[in-house]
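Q:
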Amino acid sequence: MQTTIAILPGDGIGTEVTREAVKVLRAVEQKFGHQFELPEALIGGAGLDAEDDPFPQQTADICADATAVLLGAVGGPKWDSVATEKRPEKGLLRLRAALDVFANLRPVAPHPILADASPLRADLLQGVDIMVVRELTGGIYFGEKERTADSATDVCTYTRSEIERVLRIAGKLAQGRRQKVTSVDKSNVLETSRLWREVTNELMPREFGDLELEHLLVDAAAMHLLSRPADFDVIVTENMFGDILTDEASMLAGSMGMLPSASLNDGARGLYEPIHGSAPDIAGQNKANPCGTILSAAMLLRLSLGLEEEAASVENAVNQVLSDGLRTGDIAKPGEAVVNTADMGSAIAAAIDAAN
Ligand code: IPM
Ligand code: MG
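In my numbering, the protein residues as written are 924 to 1279.
1. Does the region 1261-1276 come close enough to the region 970-981 that 3 or more CB-CB pairs lie under 8 Å?
2. By alpha-carbon positions, which one of Glu1121, Thr1105, Gly1066 ends up nearest to Asn1111?
3. Please classify Gly1035: does DSSP put it in a helix, a strand, or coil?
4. Please classify Gln1102: does DSSP put it in a helix, a strand, or coil?
5. In angstroms with no decimal places, state the Cα-to-Cα distance between Thr1071 and Cys1079.
6. Would the beta-carbon of Ala969 fall within 9 Å of that of Thr938?
7. Alpha carbons only, please: which of Lys946, Leu931, Asp934 is nearest the one belonging to Asp1266?
8. By the DSSP assignment, the alpha helix (DSSP H) with Asp1170 in it spans what residues?
9. Taking contact to mean at least 3 C-beta pairs separated by less than 8 Å, is the region 1050-1061 in contact with the region 1214-1221?
10. Suppose you measure from the CA of Ala991 to the CA of Ser1116; what does that come to, to the nearest Å?
11. Along the chain, where does the alpha helix (DSSP H) containing Val940 start, and where does it finish?
12. Smallest Cα separation from Val1141: which of Ala1038, Ile1158, Glu1135?
13. DSSP three-state call for Lys1109: helix, strand or coil?
14. How about the region 1181-1191 and the region 1007-1027: do they share at least three Cβ pairs that are nearer than 8 Å?
15. Bridge partners of Pro1030, per DSSP?
16. Quick one: is the Cβ of Leu1015 within less than 8 Å of any heavy atom of ligand 1?
17. Considering only C-alpha positions, which residue in the set Ser1041, His1034, Thr1160 is nearest to Met1174?
18. Which partner residues does Ala991 have in the DSSP bridge list?
19. Kindly indicate the opening and closing residues of the beta strand (DSSP E) around Leu1182.
20. So what does DSSP say about Ile966, is it helix, strand or coil?
21. Since Arg1070 is in the beta strand (DSSP E), which residue starts that stretch and which ends it?
22. So does Ile1198 have its beta carbon nearer than 8 Å to some heavy atom of ligand 1?
23. According to DSSP, is Thr1076 part of a helix, a strand, or is it coil?
24. Does DSSP put Ile1092 in a helix, a strand or coil?
25. Shortest alpha-carbon distance to Val997 belongs to which of Phe1065, Asp972, Ser1236?
26. Taking only heavy atoms of ligand 1 into account, decide whether any of them is closer than 8 Å to the Cβ of Gly998.
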């Protein structure tokens, strides 16, 4: 089988973690007899530096031709003062919009062996297995912006159909899980949230009557994520709330570096990226945790290529090296030996190769 996966390393640690994910994809290729084409393309600050565009046309073309896209991270202090339209993050938003990947799946299933890496008590983490579905191509991220010297405006708009399509993804996921959907909004203040709740209350009983439906205001959800994380199954929410809540939720898993994500449209095409950023403070030091990106590659194999066994082999390999005691700095206990990014990636690739 010949398949094209576009590799977009981006900026900062993005280049380091995607290199390890490519190693792992090559190991899968070998092990299972596939052929992956892995063309690389520029995005974010790297695109801006080389092509004066954070989402160069050539990158758009490569992504449009690929079955799936694997991305590292974008941004960094070097580009902090560039114009809004040229910011590295704008490149990522344009990519998400171009692929129409409106549903961003961010699973949070802490590995019990990493319980010590979380600031939360181990007893609270027991049984935590959350799937956050973040709306990714609408809301305040994509609304009109205005700026004068003394005032600034960001418009937040949602349409009924944008809300319906992401709710359907959340509902289908919950049907295959623990049958519960928590919808998060700010309907006591925001008009967009009142529409969100209204649409949710119409669609869920009609199309997913078998599921338990809970509504939470986003401020309360932020608290409940820490006080009763095990009660959540699928959480569905708008773009910005999902961005914020998933950084918070990553602490349940011990580190942002552990969390993968999949961004999906209505078809099989997907964009896969870790939830962390470009981490300028540790970039270029071979210190970053590649697990989030490697687990994103596993989601890619499963969701865009339909390669379930291959996906599971990657996830098992990650579990295996963690069980073997390998730790990057972000998940190590104080005083514990740490491995670097490249060694972590190589160990995971070797575990895939060695599995029966
Ligand atoms: C994320 C990131 C991005 C976002 C940034 C880099 C634009 O924080 O994927 O969560 O806000 O969506
Ligand atoms: Mg974020």
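All residues carry an ideal CB built from backbone N, CA and C; glycine is no exception.
A: Considering the structure as presented:
1. no
2. Glu1121
3. This sequence places Pro at residue 1035; Gly is not what is there. Three-state DSSP puts Pro1035 in a helix.
4. coil
5. 19 Å
6. yes
7. Lys946
8. 1162-1173
9. no
10. 32 Å
11. 936-955
12. Ile1158
13. coil
14. With the cut-off at 8 Å, the region 1181-1191 and the region 1007-1027 touch.
15. Met1054
16. yes
17. Of Ser1041, His1034, Thr1160, the smallest CA-CA separation from Met1174 is found for Ser1041.
18. Ile928, Gly1193
19. Note, Leu1182: premise wrong, no beta strand (DSSP E); not H, not E.
20. coil
21. 1068-1070
22. yes
23. strand
24. helix
25. Asp972
26. yes
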